[in-house]
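A.B. asks: The listed protein sequences correspond, in order, to chains L and R. Take the first sequence: its letter number 32 is residue 64 in this note's numbering, and every next letter is one higher. Take the second sequence: its letter number 171 is residue 203 in this note's numbering, and every next letter is one higher. Note that beta-carbon positions come from the ideal geometry of N, C-alpha and C, so glycine has one too.
Number of protein chains: 2
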Amino acid sequence: MTKALGNVSIVLVDVRTPANIGAAARCMMNMGLSRLLLVRPPQDPHGDAGRLAAGADTILEQARLFDSLREAVADQALVLGATRHAGRLRRNMQDPRAAAARVIPLLADNPVSVVFGNEVNGLERADLQLCHEFVAIPSSPAFPSLNLSHAVMVIAYELFLASRSDAGGISARLAADEELERLYEHLQDTLQRIGFLDPDQPDRMMFSLRQLFGRARLDSRDVKILRGILTATDRAANRGKQG
Amino acid sequence: MTKALGNVSIVLVDVRTPANIGAAARCMMNMGLSRLLLVRPPQDPHGDAGRLAAGADTILEQARLFDSLREAVADQALVLGATRHAGRLRRNMQDPRAAAARVIPLLADNPVSVVFGNEVNGLERADLQLCHEFVAIPSSPAFPSLNLSHAVMVIAYELFLASRSDAGGISARLAADEELERLYEHLQDTLQRIGFLDPDQPDRMMFSLRQLFGRARLDSRDVKILRGILTATDRAANRGKQG
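Listed below in structure tokens is the structure:
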């Protein structure tokens with residue numbers, strides 16, 4: 033159990049209040065999680081945060097700091113974004129219980145991150161793009177917005193429960209996020225080259241494609257195959273130009 | 033859904049920090065709960081509490097204050113105590129998911145309370161006695177103690193989910209806590225009268241009996257039957273003395 037959960041990272045992006053980081057660290061410790069990644073944390077993440085961590089200081093001390101979400105999740109196989117915003121993300125959206133049930137079997141071979149945005153706006157569009165799948169906590173439509181550390185608690189609680197009841201699902205070593213990002217760059221480049229993508233407005237389509245491949249849970253071999261196709265496409269396109 | 037959850041009260045006993053009350057109120061609102069009962073709250077439950085309630089002020093304003101847990105739960109049909117202390121409570125202990133699944137069908141006809149103790153010690157023995165059943169949140173053995181509002185969140189979250197998926201279980205109108213307390217008084221009196229109970233140390237045995245009847249989820253008719261038996265026993269004991 034604990035071993036599997038050791039492969040889970042909680043990533044907090046642009047959190048403004050140190051106390052929320054401390055409270056999140058305590059929740060993590062309650063639920064057997066230990067890896068905390070902070071993207072652009074507030075000035076003194078160890079002041080108020082320490083006070084509210086109530087014994088979870090080790091997690092805060094060992095927290096790793098990053099300047100961007102992309103760096104933070106570069107070595108992660110699955111990046112789950114916590115967000116209430118469904119809309120275009122709907123197909124890759126799941127509730128915490130379903131997410132936990134799917135994530136636990138993967139943990140034997142793969143590092144998995146759950147990413148939370150700041151207290152006011154949640155994850156911004158640029159960061160949502162980096163998430164492979166999404167998790168939304170069910171809540172009252174009249175008052176849906178959870179405090180950050182309470183959202184962390186619900187996700188951590190579901191992961192903890194699922195880790196205890198894991199009957200041994202099917203695992204597979206997925207591609208690291210870095211490989212995926214290189215794939216998406218290649219894809220965007222190729223799609224522009226062949227005139228499929230509007231070079232001035234590539235984002236909307238790229239977002240949909242990221243969601244599509246995110247759902248597919250690609251492994252390294254899948255990525256190689258796709259990049260092979262792209263390379264072949266690039267060559268064909270160049271030949272077309274020359275011809 | 034919301035209608036059923038309207039029959040749930042969250043009871044906070046001896047909470048010391050107003051901010052925790054506010055945070056708990058926000059969790060309640062997130063999960064469609066609205067009835068907050070405060071037993072011996074701190075001096076200014078509306079100061080810091082309001083700040084952290086973040087929009088859940090209505091819950092705080094409408095919170096009812098009590099001097100004792102017994103008064104607070106007098107009209108409740110089922111009183112669930114949130115505690116980590118298993119021990120002698122083990123037979124009446126359940127996890128939040130199981131508790132939610134059992135509670136939701138009862139809500140159509142019965143008011144149900146979930147009782148939380150203070151931040152440091154949780155529920156004290158005298159208050160545990162008043163609980164019919166118990167709910168324990170699974171957590172890491174290395175760091176099991178949840179912050180109060182996070183414990184409220186987990187329970188509220190499970191109730192909210194269960195209320196959405198309730199397939200319509202079997203309900204029944206249970207006896208109010210007041211009736212149960214009168215039954216227990218009568219029982220203790222009778223058991224002492226017949227020499228079953230040590231009058232100097234009645235608590236341990238009474239505690240076990242409370243747990244036993246708590247599990248039984250008595251309705252008013254059950255209570256009447258039991259009290260009828262006790263009355264008959266009293267008469268027989270008196271006849272024995274006179275004879």
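Is Arg116 (chain R) near Ala168 (chain R), with beta carbons less than 8 Å apart?
C.D. replies: Cβ distance < 8 Å, so Arg116 (chain R) and Ala168 (chain R) count as in contact.
A.B. asks: Relative to chain R, which residues along the segment 150–175 of chain L have a C-beta separation below 8 Å, given in chain order?
C.D. replies: Cβ contacts with chain R come from Ile169, Pro170, Ser171, Ser172, Ala174, Phe175.
A.B. asks: In terms of DSSP beta bridges, what is Ala54 (chain R) paired with?
C.D. replies: According to the sequence as given, residue 54 (chain R) is Gly; it is not Ala. Gly54 (chain R) is not bridged to any residue.
A.B. asks: Just reading off the alpha helix (DSSP H) that Glu190 (chain R) is part of, what are its end residues?
C.D. replies: Residues 180–197.
A.B. asks: Going along the chain, which residues of the segment 54–69 of chain R sit with their C-beta nearer than 8 Å to a C-beta in chain L?
C.D. replies: So the list reads Ala55, Arg58, Cys59, Met61, Asn62, Met63, Gly64, given in the order they occur along the chain.
A.B. asks: For Ser100 (chain L), name the three-state secondary structure that DSSP assigns.
C.D. replies: Note: Ser100 (chain L) maps to coil in three-state DSSP.
A.B. asks: Excluding sequence positions up to five away, which residues of its chain have a Cβ less than 6 Å from the Cβ of Ala207 (chain R)?
C.D. replies: Result list for Ala207 (chain R): Leu250, Asp251, Ser252, Val255, in chain order.
A.B. asks: With a threshold of 8 Å between beta carbons, is Asn142 (chain L) in contact with chain R?
C.D. replies: Taking Cβ atoms only, chain R never reaches closer than 8 Å to Asn142 (chain L), which makes this a no.
A.B. asks: Going by alpha carbons, who is nearest to Asp221 (chain L) out of L:Glu210, L:Met238, L:Gly154, L:Asp209?
C.D. replies: Cα-wise, what sits closest to Asp221 (chain L) is L:Met238.
A.B. asks: Would you tell me roughly how many angstroms separate the C-alpha atoms of His164 (chain L) and Val105 (chain L), rounded to the nearest one?
C.D. replies: Taking the straight line from one Cα to the other gives about 11 Å.
A.B. asks: Would you call the segment 207–219 of chain L in contact with the segment 127–139 of chain L, where contact means no fewer than 3 C-beta pairs closer than 8 Å?
C.D. replies: Flag = no, the segment 207–219 of chain L and the segment 127–139 of chain L do not touch.
A.B. asks: Buried or exposed: which applies to Asp46 (chain R), given that a residue is buried once 16 or more other Cβ atoms fall within 10 Å of its Cβ?
C.D. replies: With 16 or more other Cβ atoms within 10 Å, it is buried.
A.B. asks: Measuring only between beta-carbons, confirm whether Ala208 (chain L) sits less than 8 Å from chain R.
C.D. replies: For Ala208 (chain L), the answer is no, since every Cβ of chain R falls outside 8 Å of its Cβ.
A.B. asks: Using CA atoms only, rank isn't needed, just tell me which of L:Val135, L:Ala114, L:Pro176, L:Ala55 is closest to Asn62 (chain R).
C.D. replies: Selected option, being the one with the closest Cα: L:Pro176.
A.B. asks: Tell me whether Met63 (chain R) sits in a helix, a strand or coil according to DSSP, three-state version.
C.D. replies: In the structure shown, Met63 (chain R) sits in coil (DSSP, three-state: anything other than H, G, I, E or B).
A.B. asks: At a Cβ cut of 8 Å, what residues of the segment 178–195 of chain R count as close to chain L, listed as they run along the chain?
C.D. replies: Listed in sequence order: Leu178, Asn179, Ser181, His182, Met185, Val186, Tyr189, Phe192, Leu193.
A.B. asks: For Ala95 (chain L), count neighbouring Cβ atoms within 10 angstroms of its own Cβ and tell me buried if that reaches 16, exposed if not.
C.D. replies: Buried.
A.B. asks: Whether or not the segment 106–114 of chain R and the segment 133–149 of chain R are in contact is what I'm after, with contact meaning three or more pairs of Cβ atoms, one per stretch, closer than 8 Å; do they touch?
C.D. replies: The segment 133–149 of chain R, when compared against the segment 106–114 of chain R, does touch it at the 8 Å Cβ threshold.
A.B. asks: Nearest to Ser195 (chain L) by CA position, among R:Val184, R:Ser172, R:Arg259, is which residue?
C.D. replies: Considering only alpha carbons, the answer is R:Ser172.
A.B. asks: I believe Pro73 (chain L) touches Asp107 (chain L) by the beta-carbon criterion, under 8 Å. Please report the beta-carbon distance rounded to the nearest angstrom.
C.D. replies: So it is not a contact: roughly 20 Å between Cβ atoms.
A.B. asks: Could you check how far apart the C-beta atoms of Ile42 (chain L) and Ala56 (chain L) are, in whole angstroms? I think they sit under 8 Å.
C.D. replies: The pair is a contact, with the Cβ atoms about 7 Å apart (cut-off 8 Å).
A.B. asks: Are the beta-carbon atoms belonging to Ala188 (chain R) and Leu65 (chain R) less than 8 Å from one another?
C.D. replies: It is a contact, given that the beta carbons lie within the stated cut-off.
A.B. asks: Taking 8 Å as the threshold (C-beta atoms), are Met60 (chain R) and Leu68 (chain R) in contact?
C.D. replies: Closer than 8 Å, so yes.
A.B. asks: Assign Glu190 (chain R) to buried or exposed, taking buried as 16 or more other Cβ atoms, counted over all protein chains shown, within 10 Å of its Cβ.
C.D. replies: That one is buried.
A.B. asks: Report yes if the CB atom of Arg58 (chain L) is closer than 8 Å to the CB atom of Asn179 (chain R), and no otherwise.
C.D. replies: Yes.
A.B. asks: Mind checking Gln233 (chain L): buried by the 16 CB within 10 Å criterion, or exposed?
C.D. replies: Label assigned to Gln233 (chain L): exposed.
A.B. asks: Which residues in the same chain have their Cβ closer than 7 Å to the Cβ of Asn124 (chain L), if we skip the five residues on either side of it in sequence?
C.D. replies: Contacts found: Glu165, Phe166, Gln243, Gly246, Arg247.
A.B. asks: Could you give the DSSP three-state label for Ser145 (chain R): helix, strand or coil?
C.D. replies: Note: Ser145 (chain R) maps to strand in three-state DSSP.
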